[in-house]
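In this note's numbering, the protein residues as written are 398 to 756. Beta carbons are placed, not taken as given, at the ideal position from N, Cα and C, and that holds for glycine.
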Amino acid sequence: MILSISLALLVAGTLLVALNKTDLPEIPIYLASGVILSALTGLATSLNIVSHSFVEVGIMRELALLGLSILIFYRTSGFLIDPNRETALDSFKASIFISTVLFSGVTGISLYLNFPVFESLIFGATSAIGSTLLDSGLVRKEARKSHIYGWLTEDMNFFDDVLGLIIFTVIISAFTGLSTFAALTACLAVIFTSLILRKGFSKAILKITGGENELVLLSGIATLISLISITEFAGITELAGVYAAGLLLVNTELGFRVRERFTSVKDFFTALSFIAVGYILSIPSPVYLLAATLLFLSVMVVRPVFITQVLRLQGFDLRSSFMAGLQSSQLSEIAVVGALLLMPVTSGELLSAVVLSFT
């Protein structure tokens, strides 16, 4: 397994060097590296050069989940959440409206295309939640400058994420044996408890660690692991634990210090996770390619147009409304994690459609 990971990183490094002069983002390159590794492994296996256990799909899935969980934790901990901001209520209304329209529309179209109900709901959930994975640095910069569209984008992303967690919690609860009401209550409880306790938690941890760099980093990792364990013990999706761990550090001195020292860890596991995702992808059939196109259009066209119009109706100027809509026109990494978690009970093509549209 170590040899296969080393080979994957070698392939990714070669592609990054070869494409250094282009403006291609790194994530598609990591995914392509995983696909190339999968093709090379398949060829070597067919020629009896390596065994079928050279790279295990199950381990690759766990690596993907680990890396994406760290990425969500890192991104979430950098939010600027302030319920007193003048954009909070307007962002909530816009987010609820857009998410409801996209969830209903994409789910309905998926059912019309004869996808199973379960997969249709996942497609609907994927289209309903936005993200700032690729330009979160820009959003935070604009939010700190008090630019209205920076505030709007960050507020809407928070509400989108919470809504996405609720939807995936409800879907996953169907396979955990936990009642939908209990799963939903536990999910919301852990999220809002983290928001309430974050300042006291930050002060306590900094006092215990004395602000030592290594101990601060370990406290961040321990926070992530602890909340994942708590949510898994409660029978709800680990997504809630990952997100709650990030919220526990939001707008705190501890969160700033953890993020400062967590960057290299996040970068490494981000690369590893998307290489792993690329490895486990399968070639989707035409109908799933159609689903990927549907997701892409719903996020890249429908979402920014609707957000712009809804914010305009609430009194915001055209530039702020358009910028907020444009910066939310991405698929969320939460949707990719949700598809990975549901991989054992869905077709591999569903994950491929979600990842393809995400890319």
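For Gly439, the uninterrupted alpha helix (DSSP H) run begins and ends at Glu423 to Ser443, by DSSP. The closest CA to that of Val662, considering only Pro422, Leu468, Ala429 and Leu440, is found on Leu468. In this structure Thr473 does not touch Leu728 by the C-beta definition: roughly 16 Å separates them, more than the 8 Å allowed.
A distance below 6 Å between beta-carbons, with the five flanking residues on each side excluded, links Pro681 to the following residues of its chain, in chain order: Glu746, Ser749 and Ala750.
Secondary structure within the region 621 to 683: the alpha helix (DSSP H) runs of 4 or more consecutive residues, fully enclosed, are 635 to 644 and 650 to 677 (chain order). Between the region 638 to 647 and the region 583 to 592, the count of Cβ pairs shorter than 8 Å is three or higher; the stretches touch. Cβ neighbours of Gly455 within its own chain (closer than 6 Å, five residues either side excluded): none.
Rounded to the nearest angstrom, the gap between the Cα atoms of Thr573 and Ala721 is 37 Å.
When only Cα atoms are considered, Glu459 and Ala673 end up about 9 Å apart. Counting along the chain, the unbroken alpha helix (DSSP H) around Thr497 starts and ends at Ala485 to Tyr509. Inter-residue distance for Val699 and Val613 is about 42 Å (C-alpha atoms, whole angstroms). DSSP places Thr743 outside both helix and strand once states are collapsed to three, so it counts as coil.
Cβ atoms of Ile704 and Ile495 come within 8 Å of each other, at about 6 Å.
CA-CA distance, Ser754 to Asn610, rounds to 39 Å. DSSP, reduced to helix, strand and coil, places Ile526 outside both helices and strands of the structure shown, so it counts as coil.
Closest in alpha carbon position to Gly464, among Tyr685, Ser599 and Leu737, is Leu737.
Taking a contact as a CB-CB distance under 8 Å, the pair Thr667 and Glu516 does not count as one, their CB atoms being some 27 Å apart.
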